[in-house]
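Undergrad: What follows is a structure written as structure tokens; I'll ask about it next.
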Amino acid sequence: MYVPFENLPEESRIWIYQSNRKFSDAEFSDIETALQSFLEGWAAHGTSLESSYELKYNRFIIIAVNQDVQPATGCSIDSSVEFIQSLEQKYNVDLLDKMNVTFKLGEHIAHKPLIDFKKMVKDKAVTENTIVFNNLVNNIEEYNESWEVPAIDSWHSRFF
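Here you go:
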């Protein structure tokens, strides 16, 4: 059961998928339609999941579920991953590779393989103050407070 993102409690579990390229506005509009349709029917053991999404920077898909109403289960999580995989195929993008880093360079959103990001740190092309997207956050509260943070305040700090 889809609900507006802002109506979910801060403890709601989230999953963040980052694209290896920027989506066009038309692609993001199509993804939004597909997400709403998927979430309307998303269920765990036959019980609808109170869920929502956010789309950010034409690059990120954030899916959230209110675990207090009905927790997501293995099968329901698998179905959401299958949905994300269908988007990967349809748009020829990578949304599931966690070995990539997305960060801000001024107003630009950059996306690099982890090995390239490490080289950029070594070359001082990025610093401890570079804003990174910490996709390891687990709930809406962490997402609101710790998703876009200086690299030194995230798991990326180990590279400095």
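Just remember that the working numbering sits 7 ahead of the position in the sequence shown, which is counted from 1. For glycine and all other residues, C-beta sits at the position ideal for the given N, C-alpha and C. Quick caveat, the model's predicted, so the values are computed rather than measured.
#1: I'd like to confirm the pairing. Which residues does DSSP put opposite tryptophan 22 in its beta bridges?
#2: Just confirm the distance between the C-beta atoms of tyrosine 9 and leucine 46, as a whole number of angstroms; I'd bet it's less than 8 Å.
#3: So, for valine 139: in the same chain, excluding its five sequence neighbours on each side, which residues have a beta-carbon less than 7 Å away from its beta-carbon?
#4: Can you tell me where the alpha helix (DSSP H) holding alanine 41 begins and where it ends?
#5: With 16 other CB atoms within 10 Å as the buried threshold, where does serine 19 fall?
#6: How should serine 36 be labelled, buried or exposed, when 16 other C-beta atoms within 10 angstroms of its C-beta is the threshold for buried?
#7: Check whether the region 12–27 and the region 73–83 are in contact - that is, three or more C-beta pairs closer than 8 Å.
#8: Can you tell me which residues form a DSSP beta bridge with phenylalanine 140?
#9: One question on the structure: do leucine 103 and leucine 94 come within less than 8 Å of each other, judged by their Cβ atoms?
#10: Measure the CB-CB distance between isoleucine 68 and tyrosine 98 and report whether it falls below 8 Å.
#11: In the DSSP assignment, the beta strand (DSSP E) including glutamate 57 goes from what residue to what residue?
TA: Taking the definition as stated:
#1: DSSP lists Ile70 as the beta-bridge partner residues of tryptophan 22.
#2: 4 Å
#3: Val108, Phe110, Val156, Ala158, Ser161 and His163
#4: 32–48
#5: buried
#6: exposed
#7: yes
#8: Glu155
#9: no
#10: no
#11: Neither: glutamate 57 is in no beta strand (DSSP E) and is coded neither H nor E.
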